[in-house]
Amino acid sequence: MSGPACLPRWIELGVLPLLNLGVALALSGAIVLALGENPWTACKLMVGGALGSSDGVGYTLYYATNFIFTGLAVAVAYHAGLFNIGAEGQAYIGGLGVGLVCLGLGHWPFWAVLPLAVLAGAFGGAAWALIPAWLQARRGSHVVITTIMFNFIASAVMTYLLVNVLIKPGQQSPETREFGANAFMPAAHELLAKIGITVAPTPLNLAFLLALGASALVWVLVWYTRWGYALRVVGQNPAAAVYAGISPERVTIGAMLLSGALAGCLGLNELMGAQHRILIDFAGGAGFVGIAVALMGRNHPLGIFLAAVLFGALYQGGSQLSFDMPRINRDMVVVIQGLVILFCGALGNLFQAPLAAWWTRLRRPGEEA
Amino acid sequence: MNPVPAEPTGSSPVKGLVPPALELRGIDKRFGAVHANRAVSLAVARGTVHGLVGENGAGKSTLMNIVYGFHRADAGEILIHGRRVDIYRPHDAIAAGVGMVHQHFMLVENFTVLENVILGVEGGRRLTDGLTRARAELEELARTYGLDVPLDTPVGQLPVGLQQRVEILKALYRRADILILDEPTAVLTPQEADQLFALLDRLRAQGKTVILVTHKLREIMAVTDRVAVMRQGALVAEFATRDTTPGELAERMVGRTVSWQVEKSAARPGEPRLVVKDLVVRDRRGVVRVKGASFELRGGEIVGVAGVAGNGQSELLDALAGICRPESGEIWLDGHELVRAALSPRARRRLGLAHVPEDRLHQGLVAEFSAQDNAILGQHDRPAYNRGWLQNRTAIQTGCAQKMAAYDVRPPNPALRMAAFSGGNQQKLVLAREIDGDPRVLLVGQPTRGVDIGAVEFIHRQLVALRDAGKAVLLVSVELDEILGLADRILVMAGGEIVGELPQSEAAEKKLGLMMAGVRGEGGA
Chain V
36 MSGPACLPRW IELGVLPLLN LGVALALSGA IVLALGENPW TACKLMVGGA LGSSDGVGYT
96 LYYATNFIFT GLAVAVAYHA GLFNIGAEGQ AYIGGLGVGL VCLGLGHWPF WAVLPLAVLA
156 GAFGGAAWAL IPAWLQARRG SHVVITTIMF NFIASAVMTY LLVNVLIKPG QQSPETREFG
216 ANAFMPAAHE LLAKIGITVA PTPLNLAFLL ALGASALVWV LVWYTRWGYA LRVVGQNPAA
276 AVYAGISPER VTIGAMLLSG ALAGCLGLNE LMGAQHRILI DFAGGAGFVG IAVALMGRNH
336 PLGIFLAAVL FGALYQGGSQ LSFDMPRINR DMVVVIQGLV ILFCGALGNL FQAPLAAWWT
396 RLRRPGEEA
Chain B
14 MNPVPAEPTG SSPVKGLVPP ALELRGIDKR FGAVHANRAV SLAVARGTVH GLVGENGAGK
74 STLMNIVYGF HRADAGEILI HGRRVDIYRP HDAIAAGVGM VHQHFMLVEN FTVLENVILG
134 VEGGRRLTDG LTRARAELEE LARTYGLDVP LDTPVGQLPV GLQQRVEILK ALYRRADILI
194 LDEPTAVLTP QEADQLFALL DRLRAQGKTV ILVTHKLREI MAVTDRVAVM RQGALVAEFA
254 TRDTTPGELA ERMVGRTVSW QVEKSAARPG EPRLVVKDLV VRDRRGVVRV KGASFELRGG
314 EIVGVAGVAG NGQSELLDAL AGICRPESGE IWLDGHELVR AALSPRARRR LGLAHVPEDR
374 LHQGLVAEFS AQDNAILGQH DRPAYNRGWL QNRTAIQTGC AQKMAAYDVR PPNPALRMAA
434 FSGGNQQKLV LAREIDGDPR VLLVGQPTRG VDIGAVEFIH RQLVALRDAG KAVLLVSVEL
494 DEILGLADRI LVMAGGEIVG ELPQSEAAEK KLGLMMAGVR GEGGA
């Protein structure tokens, strides 16, 4: 349900998000100014850091890969009328699956390890979503509450495993040993080098393409299959679903499993692609950024891709900024990201009504007065 | 903040005559396209119990919510004891001496009765002062009206009947002089209802004015002095209760519109298609809504289920369609037993049972989907609409376009959002979808509710054509004329029971009205 007035699609999907983003950046600029730095320079540093070099672009897309996976996870659940706050925990446990496959089968050829790692990641994430899903479907326990709790449980379980079970013997930091070299996701700069393109070495890796593939898969699944149809009916009108013979319970569980599986694939990028080991808190909040990404991307894979790249750029540009402007530390960057989330996600429709009023007046001059 | 008492009314007819406790003049209210109240004028005399009856959606609740300040009327004025008052919010209504007991209680379950009563009028910074004063006053009220309620028990632990008394106490404690009760017996057992009526008698004796909103005629006859009937937002009749009968009230509630005579030949009933035996259905709150219904439906006939809304017809339909599980009984569809097998709506559809639900937008459609996506709801797993894993979008679109052409759905644009169609066109699409599945049995609920006259005729002709093709049609409608015009055989439901069965030839509105009011028909079920 949109507001009282309807806007054309190009305003709804184009102008509105840009306006939100603009306001967030303007406020950030004011904060930078208050800190005694020049907002324009800061802006140039951020954009330059994120997109100005092959190095920056690589990092931006590497971060974006994580956000695509978690953003898709949130979106799939959203289409079934569920708000999955647990992508963080699902990504964490999914990563355990990816990591265990890579640790155990690191000597197998990469093309044999990869499908198993994908399956293990998806399975771990889905398994972590199963209990909240079941509780929601059969007992009516709200999935928002249970998935939040499961984030904490995932964190505790992983800390225990890394500190007591999986830790590489003889070291202090709670990390596993490095995966076998065969289980490394091929890096983008290596792949591009093979076809004669030289770029700076970055953590960007093959998982980026897997994330794009997952986006296409979600797009087809939600809008072009009968399962996706059932999913959207349940999300839009559960009573109509029951009338049509679609079981909301089964759809709820199915949607959460897929959601968890998508989140679980984060490990492919973060562990197989970048860290090459399992370590504490590798998901690093990507599950929560995924919520903002899905909201801003209007739960559509294309929108999610664009929003994920934006947040990737904020991450990468932000670290560049804190590096070059000593007065703007890491926390300031988080504040800027927070403002973007606030205006693009939480307050996403803030300007819809005024914009609609303005549009109506523009279309029918004189009629109003 | 007291509502400003404006000028005393000039129109008070005779000097010295007591003005009505509550007077409404020309109250008008629209919600978007829905005209919920049409220039309603009503006067309620002091010290009386005034009934307000009407079917669901007739505008009773809207009217009372305007009096209580939940909604603001678009036009019209409210006078209390002859003074015009502006009621913008419930606070103003309370200050003017109006109290309301809602159908769904507004109580804090884990607060005690005492705490609930003083909620919002604690009086002073320290809670204990207020509590002490309230206790004394409530005990006084309890003596005056015989309203015994344990003051220190958490409300959640009280039976529903007592919770309702707490609501009444709350209103009285706020010095309410005019008490509005919205469907007060919906949640009560018959015994609790009788106790409530006795209480209403005592309130009246003490000079309070009571407005009883209900669609149950027994209650009206039992306690009210006068009764007003609402239909489609307008106040259509008012009687002194002793001058009217349940039959007359039922007739006025259901109303007489243009005669909907449908051209049709005599029915040629064939084999029984749907056989229902001793069906019992409970709703979610555990109230028995269908009490042992038995009937059969044959191919080539339309059987109408008549009744005032809320007498179990909806639950009967839901149970037949597989949307809710009956508690006991049997449903046989062409030799398949559906209840014990717990067949889903989807499985029933495969067996040839189609369903046009009573509430299109709530059950039958997804408002935000396109017309073509709605045209496959419930049939989305048919091979024709799928190609392996993928949906066959072309087939879905052409299928919808064909249905739109055949059923004259306007505008004929399969990609348009369902919410953008008018009620009649939405209904035509639902009907097209359900009939297109080539059902052997069609369940139809309120097929013409909110549908324009042109579409009504069209829909009726489709139903008759379906009957003539040898299909069985079960028609549930609160429009008496629709039942009389379409049905070959009529079942009457009242209080969850099938109280009578008549062939169309013997059915007359009067007779049906009486049966709908719960007076058993000699036709026998």
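Chains as they are written, first to last, in this note's numbering: chain V, 36 to 404; chain B, 14 to 538.
Ideal placement from N, C-alpha and C gives every residue a C-beta, glycine not left out.
The model shown is predicted, which means the values in this text are computed figures rather than measured ones.
- Chain B has a Cβ within less than 9 Å of the Cβ of V:R261.
- For B:L351, not one C-beta of chain V is nearer than 9 Å to its own C-beta.
- In the DSSP assignment, B:W345 falls within the beta strand (DSSP E) that extends over S341 to L346.
- The continuous beta strand (DSSP E) containing B:F308 extends over residues V301 to R311.
- Within the region 269 to 292 of chain V, Q271, N272, A274, A275, V277, Y278, A279 and G280 place their CB atoms closer than 7 Å to a CB of chain B, listed in sequence order.
- Against chain V, the CB of B:L287 has no partner CB under 9 Å away; the residue lies outside that interface.
- In its chain, beyond the 5 residues on either side, R38, G39, I40 and D41 have a beta carbon closer than 6 Å to the beta carbon of B:G89.
- In this structure, B:M243 lies away from B:G82, with their beta-carbon atoms at least 9 Å apart.
- DSSP places V:E284 in the uninterrupted alpha helix (DSSP H) bounded by P283 to G299.
- Residue nearest to B:L192 within the set B:L333, B:A109 and B:A149 is B:A109 (criterion: CA-CA distance).
- Rounded to the nearest angstrom, the Cβ distance from B:G365 to V:Y278 is 17 Å, too far for a contact under 8 Å.
- Short of 8 Å from the beta carbon of B:E150, and not among the five residues preceding or following it, lie these beta carbons of its own chain, in chain order: Y186.
- The Cβ-Cβ distance between B:R286 and B:D347 falls below 9 Å.
- Beta-carbon to beta-carbon, V:L197 and V:I315 are separated by about 6 Å, close enough to satisfy the 8 Å threshold.
- DSSP places B:M77 in the helix class (H, G or I) of the three-state scheme.
- Only buried fits B:D394, as 16 or more other CB atoms lie within 10 angstroms of its CB.
- The contact set of B:L455 on chain V, defined by CB atoms closer than 9 Å, is empty, because the minimum CB distance reaches about 14 Å.
- With respect to the 9 Å criterion, B:G283 and B:R502 are not classified as neighbours on the basis of their beta carbons.
- Within the model, the alpha-carbon separation for B:K229 versus B:V66 is close to 8 Å.
- Pairwise C-beta distances place the region 326 to 344 of chain V out of contact with the region 68 to 78 of chain V, as fewer than three of them are shorter than 8 Å.
- Pairing V:P236 with V:F145 gives a Cβ-Cβ distance that is not under 9 Å.
- Distance from the Cα of B:V288 is smallest, within the candidate group B:K304, B:S278, B:R281 and B:F308, for B:F308.
- When DSSP states are grouped into helix, strand and coil, B:N399 belongs to the strand group.
- The region 154 to 162 of chain V makes contact with the region 130 to 145 of chain V, as at least three CB pairs between them are under 8 Å.
- Partner residues in the beta bridge of B:T125, as assigned by DSSP, are B:P167.
- Shown here, B:S490 sits in coil according to DSSP, grouped into three states, outside any helix or strand.
- Partner residues in the beta bridge of B:K290, as assigned by DSSP, are B:E343.
- Taking the Cβ atoms as the reference, B:L127 lies roughly 6 Å from B:R148, within the contact range of under 8 Å.
- Taking B:G508 as reference, the option from B:L225, B:P33, B:G458 and B:R231 with the minimal CA-CA separation is B:R231.
- The three-state secondary structure of B:M119, taken from DSSP, is coil.
- For B:V111, the uninterrupted beta strand (DSSP E) run begins and ends at V111 to V114, by DSSP.
- Comparing C-alpha distances from B:A468 to each of B:R453, B:V422 and B:D451 shows the shortest one belongs to B:V422.
- Among the residues of chain V, none has a CB under 8 Å from the CB of B:R446; the nearest is roughly 10 Å distant.
- Listed along chain V are Y259, T260, R261 and Y264, each with a C-beta nearer than 7 Å to that of B:Q404.
- For the 9 Å CB-CB criterion, V:A342 and V:G332 form a contact.
- Between V:A223 and V:V111 a beta carbon distance of about 27 Å is seen, past the 8 Å cut, so the two are scored as non-contacting.
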